[in-house]
Amino acid sequence: MLPLALSLSVGTVLASPPGTAPEQARAEFAQFDRLHTVIAAHRGEIFFEESWGGPGPFEPVNIKSLSKTILSALVGRAIEEGVLESVDQPVVEVLNNRVPPAADARVEHITIGNLLSMQAGLERTSGSNYGRWVVSNDWVGYALSRDFVSEPGEDRLYSTGSSHILSAALTDASGQSTWQLAQSWLSVPLNVRIPHWLTDPQGIYFGGNDMLMSPRALLRFGEMYRQGGTLDGRQVVSAEWVERSWEPRGTSRWSGDLYGYGWFITDLGGYTAYYGRGFGGQVLWVVPEVELTVVVTSSPNPPSPGGRYVRQLADVVERHLLPAATHADSSAEGEAG
1 MLPLALSLSV
11 GTVLASPPGT
21 APEQARAEFA
31 QFDRLHTVIA
41 AHRGEIFFEE
51 SWGGPGPFEP
61 VNIKSLSKTI
71 LSALVGRAIE
81 EGVLESVDQP
91 VVEVLNNRVP
101 PAADARVEHI
111 TIGNLLSMQA
121 GLERTSGSNY
131 GRWVVSNDWV
141 GYALSRDFVS
151 EPGEDRLYST
161 GSSHILSAAL
171 TDASGQSTWQ
181 LAQSWLSVPL
191 NVRIPHWLTD
201 PQGIYFGGND
211 MLMSPRALLR
221 FGEMYRQGGT
231 LDGRQVVSAE
241 WVERSWEPRG
251 TSRWSGDLYG
261 YGWFITDLGG
271 YTAYYGRGFG
281 GQVLWVVPEV
291 ELTVVVTSSP
301 NPPSPGGRYV
311 RQLADVVERH
321 LLPAATHADS
331 SAEGEAG
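Okay, so the sequence shown: first residue is 1 according to the UniProt record's numbering, each after it adds one.
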C-alpha cells in the first residue's frame, strides 16, 4: 500500500463514517471565502477532503505560525539525539556568540523549555513589534536584546522571536541548518516534502513562521502525534515528547486556551483537542480520544479575521466532522459487541 501522503487523488474519500455530517460540513466550509483545503481522517483513514480554490491537498503552502508546532517536534528529536541536553538547558549554552553584549544578564536563565512554552520573559517580537524585528539585521540578537517584561518561566508571552532563537539553537548545536534537520527527522520518516523556506540575514531558517508543507503532509504529521510519535511503524519522536508537548504550561491571553510546547490545548465537543495554528487560518487539530485528525489551510495573506475565523472553523469541525468520527467509533463498538 502506498503511504497516506501519496496514495489518494485530490477529492477522493477513502472511508465515510455513517451519516450526512461530511456533506453538511462541505456546505458550511464553502461559505468561508479564504478557505483553501480541509482534510479529516479517522484512525488514519481520510473521510473528508475538499478544496475551494487556492493550493490543493498535495501542494506545499505557507503554514505561518503552525510552523511552531513543527519546530517543537524538531526540538524534541534534538533532545532524544543528544544534540540538546534537555528542556532545562539554558539556551545561551548552545548559541555561538549570538547573545549581544548589551543583553540583560537574565538571558542566561532562559531555557529551551521556556522558549517552547513562550515563557522567555522577553518583550514580544510578534504583534505590533513584528515589523521592526524582521527588518533588523540580526533577528536572533534583536530578540535576545529585548527588555524583560517578566521573569523567565513565568508569564506566557506569545513571540515568534522565541521560536526563532530555538531555530538558531538547533543550528548551532547540530552544525546543520533547521531545514536539514527537518529533512532527516521529519521529511524522510514521514515520507513528506518540506521545501526550503525563509532565512534571516545570518542564514538561520525562520523558526516558527513561513514553513512550507502540504495539507497531506500536515495530516501525516498530526497522525504521527496522534499515535504517540509513531507512523507507519517508525518512531519519529518519542511518546514521552508527545506527552510533554501536550502538557499545559500557560494560557493564551487571546483565546483562553492552554499552551504546551508548540501546541494549544482546548475542548472540542467535550473532548480534549490539541492544535497548532497560523496566521490567516492554518490549523491542525488532533483529538486522540476519538482518533480524529483535521487539517485546514487558508489564504495566508492579510487581512486576517484572526481568532474569530479559527473559532468558526472549529465550530464546523465540532458540529459535523467530530460527530462523524464518534459515530464511526460507536458503530464499530456495536459490531464488536
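Each residue gets a CB set at the ideal place from its N, CA and C atoms; glycine is no exception.
A quick note: this is a predicted structure, and the numbers were derived from the prediction, not measured.
Check: Can you find at least 3 beta carbon pairs, one from the region 158 to 173 and one from the region 118 to 131, that sit closer than 8 Å?
Finding: yes
Next item on the list: Would you mind reading off the limits of the alpha helix (DSSP H) that contains residue 180?
Entry: As a position in the sequence shown, residue 180 is number 180, starting the count at 1. Note, residue 180: alpha helix (DSSP H), 178 to 182.
Check: If you check the beta carbons only, do residue 307 and residue 255 fall under 8 Å apart?
Finding: Looking up residue 307 in the sequence shown gives position 307. Looking up residue 255 in the sequence shown gives position 255. Cβ distance < 8 Å, so residue 307 and residue 255 count as in contact.
Checklist line | In chain order, each beta strand (DSSP E) run of at least 3 residues that lies wholly inside the region 127 to 195 | finding: none
Next item on the list: Note down, in chain order, each residue of its chain lying with its Cβ closer than 6 Å to the Cβ of residue 312, except the 5 sequence neighbours on either side.
Entry: Taking the first residue of the sequence shown as position 1, residue 312 is located at position 312. Cβ within range, chain order: n/a, list empty.
Item checked: Three or more C-beta pairs below 8 Å linking the region 262 to 279 and the region 19 to 29 -> no
Notebook entry, point to check: If we count the other Cβ atoms within 10 Å of its Cβ and call it buried at 16 or more, is residue 86 buried or exposed?
Noted result: One-based indexing of the sequence shown puts residue 86 at position 86. So residue 86 counts as exposed.
Next item on the list: Go ahead and pull the three-state DSSP assignment for residue 271.
Entry: Against the sequence shown, residue 271 aligns to sequence position 271. Residue 271 falls in the strand class under three-state DSSP.
Next item on the list: Inspect the beta-carbon positions of residue 119 and residue 90 and report whether they are closer than 8 Å.
Entry: Within the sequence shown, the letter at position 119 stands for residue 119. Within the sequence shown, the letter at position 90 stands for residue 90. For residue 119 and residue 90, no; Cβs fall outside 8 Å.
Notebook entry, point to check: Three or more beta-carbon pairs under 8 Å between the region 58 to 78 and the region 202 to 212, yes or no?
Noted result: yes
Check: If we call anything under 8 Å between Cβ atoms a contact, is residue 35 one with residue 52?
Finding: Taking the sequence shown and counting its residues from 1, one reaches residue 35 at position 35. Taking the sequence shown and counting its residues from 1, one reaches residue 52 at position 52. Result yes, Cβ atoms of residue 35 and residue 52 sit closer than 8 Å.
Notebook entry, point to check: To which residues does DSSP link residue 49 through a beta bridge?
Noted result: Position 49 of the sequence shown, counted from the first residue, corresponds to residue 49. Note: residue 49 sits in a beta bridge opposite 39.
Notebook entry, point to check: Below 8 Å between beta carbons: does that hold for residue 246 and residue 274?
Noted result: Here residue 246 corresponds to residue number 246 of the sequence shown, with the count starting at 1. Here residue 274 corresponds to residue number 274 of the sequence shown, with the count starting at 1. Taking 8 Å as the Cβ cut-off, residue 246 and residue 274 qualify as a contacting pair.
Note to self: Nearest by alpha-carbon distance to residue 300: which of 78, 50, 21, 55 is it?
What the structure shows: As a working note, residue 300 is residue 300 in the sequence shown. For residue 300, the nearest C-alpha among the options comes from 55.
Margin query: Does any residue of chain D have a CB that is nearer than 8 Å to the CB of residue 255?
Written below: Here there is only one protein chain, and chain D is not present.
Checklist line | residue 259 in three-state terms, based on DSSP | finding: Indexing the sequence shown from 1 puts residue 259 at position 259. In this structure, residue 259 counts as strand in the three-state DSSP scheme.
Notebook entry, point to check: Measuring CB to CB, does residue 174 end up less than 8 Å from residue 181?
Noted result: Position 174 of the sequence shown holds residue 174. Position 181 of the sequence shown holds residue 181. Yes; because the gap between Cβ atoms is below 8 Å, this pair is in contact.
Checklist line | Integer-rounded CB distance, given that residue 286 should sit under 8 Å from residue 271 | finding: As a position in the sequence shown, residue 271 is number 271, starting the count at 1. As a position in the sequence shown, residue 286 is number 286, starting the count at 1. Residue 271 to residue 286, Cβ: 11 Å. No contact.
Note to self: Once DSSP output is grouped into helix, strand and coil, what is the label at residue 277?
What the structure shows: Position 277 of the sequence shown, counted from the first residue, corresponds to residue 277. Residue state, collapsed to three classes: strand.
Checklist line | Own chain partners of residue 12 with C-beta closer than 6 Å, once the 5 adjacent residues on each side are dropped | finding: Against the sequence shown, residue 12 aligns to sequence position 12. Here residue 12 scores only 39 on pLDDT, less than 50, and its place in the model is too uncertain to base an answer on.
Item checked: Three-way DSSP call (helix, strand, coil) for residue 250 in this model -> Mapped onto the sequence shown, residue 250 falls at position 250. Residue 250 falls in the strand class under three-state DSSP.
Notebook entry, point to check: Which first and last residues belong to the alpha helix (DSSP H) in which residue 241 is found?
Noted result: Position 241 of the sequence shown holds residue 241. Its alpha helix (DSSP H) spans residues 239 to 245.
Note to self: Output needed for residue 2: all residues of its chain with C-beta closer than 8 Å, excluding positions within five of it in sequence on either side, in chain order.
What the structure shows: As a working note, residue 2 is residue 2 in the sequence shown. With a pLDDT of only 35 at residue 2, under 50, the local geometry of the prediction cannot be trusted, and no value is derived from it.
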